[in-house]
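S.K.:
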DNA sequence: GTCCGTTCGTGCACAAGTTCACAAGCGAGT
DNA sequence: ACTCGCTTGTGAACTTGTGCACGAACGGAC
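Residue numbers (the numbering used here), protein chains in the order written: chain L, 18 to 229; chain W, 18 to 229.
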């Protein structure tokens, strides 16, 4: 793979790629066989130049005068993002939020499968959910290591989040999806994305109510 | 308010402010009365210069040699973000996701209160939840207008999301928290923030597995 | 085979955001 | 009252990301 020869791709570009995949998939499913960067652009809400620039980091995918082949571009980006396989994920916290995440259909058709669930509460430990059982957070590090899990989801209260993150990282996790409203301190090789609806809402009130 | 005289504050600055509020609140609750930009910076994981620059868009809040008064800076930013009041919010979609959102404790202590819930499914309509009842999506536009709601949460399937967004916007909504995996097309005065765990995960797999 | 409309990939200029670095200001200690 | 250590607020330099604009190339029509 040319992976090692593309060292300096901005993270912001990587963050847009899933959007391209999603949109291309929708187009392909509607039997649109070709798209120009222009078409894609206003479907997605970015400029055509940006799409072309983003893609140019990884190679040449289009044909002049024709545009991009919908399905094959989708597959190319899927491969770049390594979404052409299934990733096992560890979920920490089986309270109401953890419950909702575990039952979320949407992981199913995607490239992610919850492969282990951990909770501090001994009452919940052992309780089975489909294939897997709830484990004690004591075994988190070792179990994550045993299963080769690289992705963790944190759905525990803020006060415990850092501790849980540390345990995950010790086990080999390098990507964390953090539902706790706290800034995790992690080594530079670990990536964290925040899911925080309150935060998101708080970034919008600033603009409200300034007359119509 | 000096609001009208601060026209050009970058959105990215606004997005960081809630983080400052959250962190300052935590510090104040731990009886830390003063913070320097340096302290705050490594609590939050940004540079001290950035914090000082961000704040400078809004005025002067610190004292040389001393730093910032934790509580009063927290309150100042809270006011800037207009979080010193309660905002009524409309929730569209009362499936399992909508359920989880409606029951989410975390809205409680924040500045947001779910003031109306809508669903397309007639079976759910009428079903009460605490103070409020589920309404038909038919009344969405008029009810949102009647209650003066400016914030909407979309928790319906992707296929219906655009339609729901339009109805909300017609009713006067200017800020949307979108849980549906689709790019909403909205007029420029409407702001949308995405909550999409799958997307978030997909932006991290790129970096995984490249040896240790 | 040539023309013509379309669309890509990219050099370059521009814009936006971040960091540096320092003068000014505060307060504690003497 | 003066000194000294510390920390702010901000001009200026720098870095990063975006958009423009155009040469090259593809394919259909004639």
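The C-beta atom is built at its ideal place from N, Cα and C for all residues, glycine as well.
Say yes only if the C-beta of residue 169/L is nearer than 7 angstroms to one or more non-hydrogen atoms of the ligand PLP, and no if none qualify.
M.R.: As far as ligands go, the structure on display features none, and thus does not contain the ligand PLP.
S.K.: Starting from residue 167/W and walking both ways along the alpha helix (DSSP H), at which residues does that stretch end?
M.R.: Element bounds for residue 167/W: n/a, residue is neither H nor E.
S.K.: For residue 36/W versus residue 61/W, is the C-beta distance shorter than 8 angstroms?
M.R.: Closer than 8 angstroms, so yes.
S.K.: Rank 31/W, 42/W, 226/W by C-alpha distance to the C-alpha of residue 127/W and give the top, closest one.
M.R.: Closest option to residue 127/W, Cα to Cα, is 42/W.
S.K.: Give a yes or no on whether 8 angstroms exceeds the smallest Cβ distance from residue 53/W to chain L.
M.R.: Closer than 8 angstroms: no.
S.K.: By the criterion of Cβ-Cβ separation under 7 angstroms, what are the contact partners of residue 217/L in chain W?
M.R.: Residues of chain W passing the Cβ test: 194, 210, 212.
S.K.: Between which two residues does the alpha helix (DSSP H) carrying residue 192/L extend?
M.R.: Taken as a continuous stretch (DSSP letters only), residue 192/L belongs to no alpha helix (DSSP H), being part of the beta strand (DSSP E) at 192–195.
S.K.: Which residues bound the alpha helix (DSSP H) around residue 35/L?
M.R.: Unbroken alpha helix (DSSP H) run through residue 35/L: 28–46.
S.K.: Compare the C-beta of residue 174/W with all C-beta atoms of chain L and state if any pair is closer than 8 angstroms.
M.R.: No, residue 174/W does not count as interfacial toward chain L.
S.K.: For the structure I just gave you, are there three or more beta carbon pairs, one from the segment 169–181 of chain L and one from the segment 141–151 of chain L, closer than 8 angstroms?
M.R.: Flag = no, the segment 169–181 of chain L and the segment 141–151 of chain L do not touch.
S.K.: Residues of chain L with CB under 8 angstroms from residue 223/W, in chain order?
M.R.: Near residue 223/W (Cβ distances below 8 angstroms), the residues of chain L are 31, 34, 97, 98, 99.
S.K.: Terminal residues of the continuous beta strand (DSSP E) containing residue 151/L?
M.R.: That run of the beta strand (DSSP E) goes 149–153.
S.K.: For the segment 148–172 of chain W, enumerate the residues whose C-beta is nearer than 7 angstroms to any C-beta of chain L, in chain order.
M.R.: Against chain L - using a Cβ distance shorter than 7 angstroms - the residues of the segment 148–172 of chain W are 167, 168.
S.K.: When burial is assigned at 16 or more other CB atoms within 10 Å of the CB, is residue 176/L buried or exposed?
M.R.: Exposed, since its Cβ has fewer than 16 Cβ neighbours within 10 Å.
S.K.: Take residue 103/L and list the residues in its own chain whose beta-carbon comes closer than 8 angstroms to its own, dropping the five residues that flank it on each side.
M.R.: Here the set comprises 128, 129, 130.
S.K.: Here's a check: name, in chain order, each residue in its chain whose Cβ is nearer than 8 angstroms to the Cβ of residue 38/L, leaving out the five neighbours to either side.
M.R.: Answer for residue 38/L: 91, 94, 95, 98, 100, listed in chain order.
S.K.: If we count Cβ pairs, one from each stretch, closer than 8 angstroms, do we get three or more for the segment 197–210 of chain W versus the segment 47–64 of chain L?
M.R.: Judged by Cβ distances under 8 angstroms, the segment 197–210 of chain W makes contact with the segment 47–64 of chain L, as three or more pairs qualify.
S.K.: For residue 18/W, which of helix, strand or coil comes out of DSSP?
M.R.: Residue placement at residue 18/W is flagged as unreliable, the pLDDT there being 46, under the threshold of 50; a coordinate-derived value is accordingly withheld.
S.K.: Span of the alpha helix (DSSP H) holding residue 214/L?
M.R.: 214–219 is the extent of the alpha helix (DSSP H) around residue 214/L.
S.K.: Flag residue 111/W as yes if its beta-carbon sits less than 8 angstroms from any beta-carbon of chain L, otherwise no.
M.R.: For residue 111/W, the answer is no, since every Cβ of chain L falls outside 8 angstroms of its Cβ.
S.K.: To the nearest angstrom, how far is it from the Cα of residue 118/L to the Cα of residue 82/L?
M.R.: Near 44 angstroms, if we compare the C-alpha coordinates of residue 82/L and residue 118/L.
S.K.: Taking the continuous beta strand (DSSP E) assigned at residue 130/L, which residues delimit it?
M.R.: From DSSP, the beta strand (DSSP E) with residue 130/L extends over 129–136.
S.K.: Determine, for residue 220/W, whether the minimum Cβ-Cβ distance to residues of chain L falls below 8 angstroms.
M.R.: Yes, contact with chain L.
S.K.: State buried or exposed for residue 214/W, treating a residue as buried only when at least 16 other CB atoms are found within 10 Å of its CB.
M.R.: By the neighbour-count rule (16 or more Cβ atoms within 10 Å), residue 214/W is buried.
S.K.: When you compare the segment 105–121 of chain L with the segment 130–141 of chain L, are there three or more beta-carbon pairs, one atom per stretch, that lie closer than 8 angstroms?
M.R.: Yes, since at least three Cβ pairs between the segment 105–121 of chain L and the segment 130–141 of chain L fall closer than 8 angstroms, the two stretches touch.
S.K.: For the segment 72–88 of chain L, which residues have a beta carbon sitting closer than 7 angstroms to at least one beta carbon of chain W?
M.R.: Hits within the stretch: zero.
S.K.: Would residue 200/W count as contacting chain L if we go by Cβ distances under 8 angstroms?
M.R.: Yes, residue 200/W counts as interfacial toward chain L.
S.K.: For residue 71/L and residue 223/W, I'd like the C-alpha separation in whole angstroms.
M.R.: In a straight line, the C-alpha of residue 71/L is about 15 angstroms away from that of residue 223/W.
S.K.: Please list the partners that residue 127/W has in chain L, where partner means a Cβ-to-Cβ separation under 7 angstroms.
M.R.: By Cβ distance, chain L contributes 215.
S.K.: Please compile the residues from chain L whose C-beta is within a distance smaller than 7 angstroms of the C-beta of residue 123/W.
M.R.: The answer, in chain order, is 215.
S.K.: Quickly, what does DSSP pair residue 86/L with across the bridge? List them, please.
M.R.: Answer is 51/L.
S.K.: If the criterion is Cβ atoms closer than 8 angstroms, does the pair residue 107/W and residue 190/W meet it?
M.R.: Contact flag set, yes.
S.K.: Kindly indicate which three-state DSSP category residue 211/L falls into: helix, strand or coil?
M.R.: Residue 211/L: strand per DSSP, three-state reduction.
S.K.: Is residue 25/W close to chain L, meaning its C-beta is less than 8 angstroms from at least one C-beta of that chain?
M.R.: So no, residue 25/W is outside the interface.
S.K.: In its own chain, which residues sit with a C-beta less than 6 angstroms from the C-beta of residue 168/W, not counting the 5 before and 5 after it?
M.R.: The residues are 104, 106, 192.
S.K.: When you compare only the Cα positions, how much space is there between residue 194/L and residue 74/L?
M.R.: Roughly 26 angstroms separates the two Cα atoms.
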